[in-house]
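Numbering (the numbering used here), first residue to last: 1215 to 1372.
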């Protein structure tokens, strides 16, 4: 299972980079295109920070932190070999999104964002959503399905 999770993560990172290539070649000059009126638009943004553009200008810190986090996930995954498919699905999303944004930071110095939802002001990208969904799923796994989470639930009941 760890190899499948890594392979899925790589496929997600490749998909992210393909999307960003098309966005940068077709949207950079245009700026923004409405896809679904009053709901979804594609807006080209160069984000040199992290979430919502915060901590801008710290490119190499984010490169190191992202690399360390991905390495920690990989080490844990290959050493512990959890049995849960939910665990592997969640880390595949986090790894794929992390690698996708890491590539941007290393080669461009910024992350290309493009998904703009009317009800969620920050402009994000596919990798950001992979990381977000993967993190939520990982929290569900840890809280409800891992040995740590099960022990905590038993302690709360007593």
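We treat Cβ as the ideally placed atom computed from N, Cα and C, and that holds for glycine. None of the values given here were measured: they were computed from a predicted structure.
Check	Outcome
Coil, strand or helix - residue 1318 by DSSP	helix
For residue 1325, the first and last residue of its enclosing beta strand (DSSP E)	1325–1331
Reduced DSSP secondary structure (H/G/I, E/B, other) of residue 1296	coil
Contacts around residue 1245, its chain only, beta-carbon distance under 8 Å, and the 5 residues preceding and following it disregarded	1257, 1258
Element boundaries [alpha helix (DSSP H), containing residue 1226]	1216–1240
Beta-carbon contacts of residue 1292 that lie in its chain and below 7 Å, excluding the five residues immediately before and after	1216
Sequence-distant residues of its chain with Cβ nearer than 7 Å to residue 1349 (five each side left out)	1308
CA nearest to the CA of residue 1299, picked from 1343, 1352, 1288	1352
Residue 1326 vs residue 1243 beta-carbon contact at 8 Å	no
Touch test, the region 1222–1232 against the region 1304–1318, Cβ-Cβ under 8 Å, three pairs minimum	yes
Cβ-based burial, residue 1250 [other Cβ within 10 Å; buried from 16]	exposed
For residue 1361, the three-state DSSP class (helix, strand or coil)	helix
Cβ-heavy atom distance, residue 1293 to the ligand FAD, below 7 Å	Within the structure as shown, the ligand FAD is missing, as the structure has no ligands at all.
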